[in-house]
Amino acid sequence: MNKFTQSKLKLWVSFEAIVLISSMFLGINFLQSPDEQPKAYIIPMEDWVKNDDVNTIRLINILLDEDVSVYWALDEFTVGGTTYPAGTFYIKTPFTTRHGVSSRVMMDWLMWQSKLNRVWRIDTTDESLTVNSKQLVLPRIVLFYDQTTYENALMHYLRFRSLGFKVILANAIDLYAKSWNESGSVLNDANVFVMPGGAVHFWSFPWGEPLAWGLGNITAFVKNGGGYIGVCAGTVEALSTTGYGYLDFVNATMYNSVRSEMTGLDWKILQGPMYVKVEQPNNPVMFGYGSNAIRPGYGPEPTIYYLGGPAMYDVTNATVLATYAGPVTQHTMSGVTNQWGAAAAIAADYYNGKVVLFGPHPEYPGPCARMYAQALYYVASIPKPSPFDPLTSESISETAIAERVNTIRSAVAQIKPILEESTRTASKIVNMRIGDIYNPIGIGSIDAHLLSFCKELFNELNDLQRYAVKFQYEFSKLNVLRGMVQNDPQLASLIEYTQAMISSFFNLTLNLPQDQHVIFETHWTEIDPYSPFTEEATKFEELINAFTRVNNETKERIYPATEKYAAVVREYDELRMLNQTAYTPEVNATLTALVQNVTSYYPTGSMFKTVFIFYHTLDIVQYKIAYPVFDMITLADRTAEVISHMEFALATAVGPWNYALAEMQAFFAHPEGAFL
Amino acid sequence: MAKNTWQEMKMNHVISGFAVTLTGMIVTAFLWWFFGGFGFWALPGLAILLIGVAELCYIVFKAITGNKSTVLHTGLLVLFVGAAGYLSLASHVMLGVLQIVALVLMVIGIVLFAIGITRASKL
């Protein structure tokens, strides 16, 4: 190579190196956020291509839990040439979170998380926003969790979890044992009470004084600014003019003879997604829904899952938010001339509180998750402190955590095969089709409740195990970060708080919350009576006994009993077909006698006996297994959220490479946790 | 005949290098627009763009040295892909580990580039 070429080469290499290095520095400088923070961040809820609304709400709830002021536009507004519809969320800066994190860091965290959670569009502006809006209050929810709630409570729990709402489960005793505003009362820690579907829940209260106290507490809670959300049966109980109107929140009635008139020989109750017509698209609960809806499936008539709930009419002191777009049953009830257009969702004020009632189920899968979240935001008005804040004294050592993680993993490994067997048996039971809600002698899908719990518990156990391993890794990482920020007391306090959250999770697995229900001996099985349940678990690993008990009852009692009852259902089906295709008075009489016999209250018919066989096992699942598991998951979800934004603040302070160093050290100690 | 084909091939390389660069620019611009800014999501676009630049650089170095070098070619590709990674990850404080991986890639690229250029210029 001649000298000329060599010098040309050197020139090129130098040029390339200069261009590359300078472009990188220029690029990095360009990429750094500008010094001036925007005055407001706007999250367009209707940009359905870029923004997932469920994830948006989950992120907003995390901000609210940190006392960040999030606003909910109640009217359309325009900023920088872009028009945002009512229902848009925005956050004003500057602010400081309740743990002293600056708005700069918190909003950087939001922008980071938004990209990971399909909230890809958050607009910013330097204009001062003057919009008619509501400052959101984080709904602190008490969910009624007692007899008859079963799958309804489960579906509520899952829906709230997906939206990032943290739930306190409350049974009847929780509601009547203490006054609503007394310290330690579940209602005192909350600003929204949710009554799910199921049946008439106030049967869970002992008749007399306890029932009066319970009703009085809920009424006083709402009167004094609390929110009430009723779904299906929870709505029935809040209507003043029905036979079950325990809480006279709304003057309305419903097709209240549906049940009694439908227990004939050949009725069909509708079940499944049902169209509703949005009557008040400008009401905050209905933002984004109705004839002008932009999101697919949110309009002109969104669907909500219907399960035989109330169709309301004669509504006098409430706003009808939505009506059913069709009749709710094929059966025309006596005294009803027009089944079309009955109210499906209503909203009312009750003294200082707000009430929203749904006939159908917005908590079920479908497009109404946002509607439910909006109902919660609408009724929540009194800010309440987080009931999940840990005590710093709860902090435990890495060795103790390692022990807990091993125990939890080993327990989950033992529970899983047991639970798999229960799930398989429950699945076989459902396949016998005796729970068919379309069938007059069906057991009302109580069999499906057992299956749903088994399936969901499997997921929850997986989550718990994953959280345990992840938290061990995070705890270790925080210990490394502690060494890096020891001169900064504010950052050190973030670490202390986060580690205390992790510790409180592991402590909870050692001191499981106890549901006070006593599960007595039951004689319905006709094989052997169920013995009372006494294997209360106080530690996570002791849940194995409860799972074993459920598996044994499912296999040895419920399965044979349902097999026997399935023969009765088949006989009924054949007779019914015969009654329709080759009617004779004899066939009709046999059919009528069979139905009367099977559905008799006294002496108890085989339908009720079969239902009661399920209750014993379902009670163990709901109160003795799912109750503590849900509480652990709620705390774990909250802990994971805290870790997410606290570590972001720490990484911002120490820089990405120091943070990477902490990550690597934690990885070498607990490699599995780094990948969860 | 042979010379013309060689020249055509070189021209094709230049065109394809520019085409890749242009594609990368378009993808990056689209990602920038769609996700509202620059970040880890721009990595695919930026990687394509810088691969195109690496190809063009290789053509220049090949012309200057008059020799082909796989090591030089690989070095340039690794260097520019590492640079793309670093540029797209640099703004994220939580991605320190990946930033370090990108820097390691760049160092490997520089080493390979140095080896490649030395060998090619000695041939």
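Chains as they are written, first to last, in our numbering: chain A, 759 to 1434; chain X, 281 to 403.
Note that CB positions come from ideal geometry on N, CA and C, so glycine has one too.
Use the C-beta contact count for X/Lys290: other C-beta atoms within 10 angstroms, 16 or more gives buried, fewer gives exposed.
The count along the second sequence starts at 1 and reaches residue 290 of chain X at position 10. Exposed: under 16 other Cβ atoms inside 10 Å.
For A/Val1326 and A/Thr1320, I'd like the C-alpha separation in whole angstroms.
As a first step, residue 1326 of chain A is located in the first sequence; it is residue number 568 there, counting from the start. As a first step, residue 1320 of chain A is located in the first sequence; it is residue number 562 there, counting from the start. Straight-line Cα distance between these residues: approximately 10 Å.
Against chain X, with Cβ distances strictly below 7 Å, would A/Trp806 count as a contact?
Against the first sequence, residue 806 of chain A aligns to sequence position 48. Not closer than 7 Å to any Cβ of chain X, the Cβ of A/Trp806 fails to qualify, so no.
By the DSSP assignment, the alpha helix (DSSP H) with A/Ile1159 in it spans what residues?
Mapped onto the first sequence, residue 1159 of chain A falls at position 401. Segment 1156 to 1189, the alpha helix (DSSP H) holding A/Ile1159.
Spell out whether any CB of chain X is found under 7 Å from the CB atom of A/Thr878.
Along the first sequence, read from residue 1 onward, the residue named residue 878 of chain A stands at position 120. Here residue 878 of chain A turns out to be Trp, not Thr, going by the sequence shown. Chain X, which has a Cβ nearer than 7 Å to the Cβ of A/Trp878, makes this yes.
Any idea what DSSP makes of A/Ser1436, helix, strand or coil?
Because chain A in this structure spans residues 759 to 1434, residue 1436 of chain A falls outside the shown range and cannot be described.
Contact set between A/Tyr1417 and chain X, taken where Cβ atoms lie within less than 8 Å
Walking along the first sequence from the start, residue 1417 of chain A turns up at place 659. Those are Val373, Met374, Gly376, listed as they occur along chain X.
Taking X/Trp321 as the query, report the chain A residues whose CB atoms sit under 9 Å from its CB, ordered along the chain.
Position 41 of the second sequence holds residue 321 of chain X. Near X/Trp321 (Cβ distances below 9 Å), the residues of chain A are Lys873, Trp878.
Report, in whole angstroms, the separation of the C-beta atoms of A/Phe1406 and A/Trp867, which I expect to be a contact under 8 Å.
As a position in the first sequence, residue 1406 of chain A is number 648, starting the count at 1. As a position in the first sequence, residue 867 of chain A is number 109, starting the count at 1. The pair is a contact, with the Cβ atoms about 4 Å apart (cut-off 8 Å).
According to the Cβ coordinates, are A/Val1008 and A/Ala1106 closer than 7 Å?
Within the first sequence, residue 1008 of chain A is the residue found at index 250, counting from 1. Within the first sequence, residue 1106 of chain A is the residue found at index 348, counting from 1. Cβ distance < 7 Å, so A/Val1008 and A/Ala1106 count as in contact.
In chain order, what residues of the same chain have a beta carbon less than 6 Å from the beta carbon of A/Lys1112, not counting five sequence neighbours either side?
In the first sequence, the residue the question calls residue 1112 of chain A occupies position 354. Excluding residues within five positions, the ones whose Cβ falls inside 6 Å are Gly985, Val1137.
Mind pulling the beta strand (DSSP E) runs of 3 or more residues that sit fully within the region 791 to 821 of chain A?
798 to 801
Determine, using beta-carbon pairs with one atom in the region 929 to 949 of chain A and one in the region 962 to 973 of chain A, whether at least three such pairs fall under 8 Å.
yes
By how many angstroms is the C-alpha of A/Gly1200 removed from the C-alpha of A/Asp1024?
The residue given as residue 1024 of chain A occupies position 266 in the first sequence. The residue given as residue 1200 of chain A occupies position 442 in the first sequence. Unreliable positioning characterises A/Asp1024 in this predicted model, as indicated by a pLDDT of 47, which lies under 50. The coordinate reading is nonetheless provided below. Computed Cα separation, rounded: 12 Å.
CA-to-CA distance, A/Lys981 to A/Pro1449, given in whole angstroms:
The question about residue 1449 of chain A has no answer, for chain A in this structure spans 759 to 1434.
In this structure, does DSSP put A/Ala1076 in helix, strand or coil?
In the first sequence, counting from the first residue as 1, residue 1076 of chain A sits at position 318. It is coil, neither helix nor strand.
Does any CB atom of chain X fall closer than 7 Å to the CB of A/Thr1256?
Residue 1256 of chain A sits at position 498 when you count from the first residue of the first sequence. With 7 Å as the cut-off, A/Thr1256 does not count as an interface residue toward chain X.
Does DSSP put A/Gln893 in a helix, in a strand, or in coil?
The residue you call residue 893 of chain A lines up with position 135 of the first sequence. Three-state DSSP puts A/Gln893 in a strand.
Local Cβ density within 10 Å of A/Thr907, reported as buried at 16 or more and exposed below that
On the first sequence, position 149 is the one that residue 907 of chain A refers to. That one is buried.
Using DSSP bridges, identify the partner residues of A/Gly1435.
Outside the shown range of chain A (759 to 1434) lies residue 1435 of chain A, about which nothing can therefore be said.
Can you check whether the C-beta of A/Thr712 is within less than 7 Å of a C-beta belonging to chain X?
The requested residue 712 of chain A does not occur in the structure, where chain A is confined to residues 759 to 1434.
Looking at chain X, is there any beta carbon in it that lies within less than 7 Å of the beta carbon of A/Pro1414?
Here residue 1414 of chain A is taken as the residue at index 656 of the first sequence, counted from 1. By this cut-off, A/Pro1414 is an interface position.
Taking a cut of 9 Å between CB atoms, which residues from the region 302 to 317 of chain X lie near chain A?
Phe314, Phe315, Gly316, Gly317
Should A/Glu1421 be flagged as near chain X, meaning a C-beta pair shorter than 7 Å?
Locating residue 1421 of chain A in the first sequence gives position 663, counting from the first residue. Judged by the 7 Å Cβ criterion, A/Glu1421 is in contact with chain X.
Which residues bound the alpha helix (DSSP H) around A/Tyr1323?
Start at 1 with the first residue of the first sequence, and residue 1323 of chain A comes out as number 565. A/Tyr1323 -> alpha helix (DSSP H) spans 1317 to 1339.
Would you say the region 1123 to 1141 of chain A touches the region 1204 to 1217 of chain A, given that touching needs at least three Cβ pairs under 8 Å?
no
Just tell me which of A/Asn1197, A/Asp1006, A/Phe923 has its CA closest to the CA of A/Val1356.
Start at 1 with the first residue of the first sequence, and residue 1356 of chain A comes out as number 598. Measuring from the Cα of A/Val1356, the nearest candidate turns out to be A/Asn1197.
Going by DSSP, what residue range makes up the beta strand (DSSP E) through A/Tyr1063?
Residue numbering aside, residue 1063 of chain A sits at position 305 when the first sequence is read from its first letter. Run containing A/Tyr1063: 1061 to 1065, per the beta strand (DSSP E) assignment.
What is the rounded straight-line gap between the Cα of A/Thr1021 and the Cα of A/Gly1067?
Taking the first sequence and counting its residues from 1, one reaches residue 1021 of chain A at position 263. Taking the first sequence and counting its residues from 1, one reaches residue 1067 of chain A at position 309. Low confidence applies to A/Thr1021: its pLDDT is 45, below 50, so where it sits in the model is not reliable, and the reading given next is rough at best. When rounded, the distance between both Cα atoms is 16 Å.
Indicate the three-state DSSP secondary structure (helix, strand or coil) for A/Ala1206 in the structure shown.
Position 448 of the first sequence, counting from 1, holds the residue named residue 1206 of chain A. In the structure shown, A/Ala1206 sits in a helix (DSSP, three-state: H, G or I).
A/Leu901 (DSSP reduced to helix, strand or coil)
Counting from one through the first sequence, the residue named residue 901 of chain A turns up at place 143. A/Leu901: strand per DSSP, three-state reduction.
Where X/Trp313 and X/Asn292 are concerned, what is the direct C-alpha to C-alpha distance, given to the nearest angstrom?
Looking up residue 313 of chain X in the second sequence gives position 33. Looking up residue 292 of chain X in the second sequence gives position 12. Their backbone Cα atoms lie some 31 Å apart in a straight line.
Proximal chain X residues relative to A/Trp870, where beta-carbon distance stays under 9 Å:
Counting from 1 along the first sequence, the entry for residue 870 of chain A is found at position 112. Per Cβ cutoff of 9 Å: Gly319, His372, Val373, Met374.
Report yes if the CB atom of X/Thr301 is closer than 7 Å to the CB atom of X/Leu326, and no otherwise.
Indexing the second sequence from 1 puts residue 301 of chain X at position 21. Indexing the second sequence from 1 puts residue 326 of chain X at position 46. Contact: no.
Please identify the residue among A/Leu912, A/Gly845, A/Leu887 whose C-alpha is closest to the C-alpha of A/Glu1218.
Position 460 of the first sequence, counting from 1, holds the residue named residue 1218 of chain A. The shortest Cα separation from A/Glu1218 among A/Leu912, A/Gly845, A/Leu887 belongs to A/Leu912.
Going straight from the alpha carbon of A/Phe1298 to that of A/Phe1263, what length do you get?
Counted from its first residue, the first sequence places residue 1298 of chain A at position 540. Counted from its first residue, the first sequence places residue 1263 of chain A at position 505. Going from the Cα of A/Phe1298 to the Cα of A/Phe1263 covers about 11 Å.
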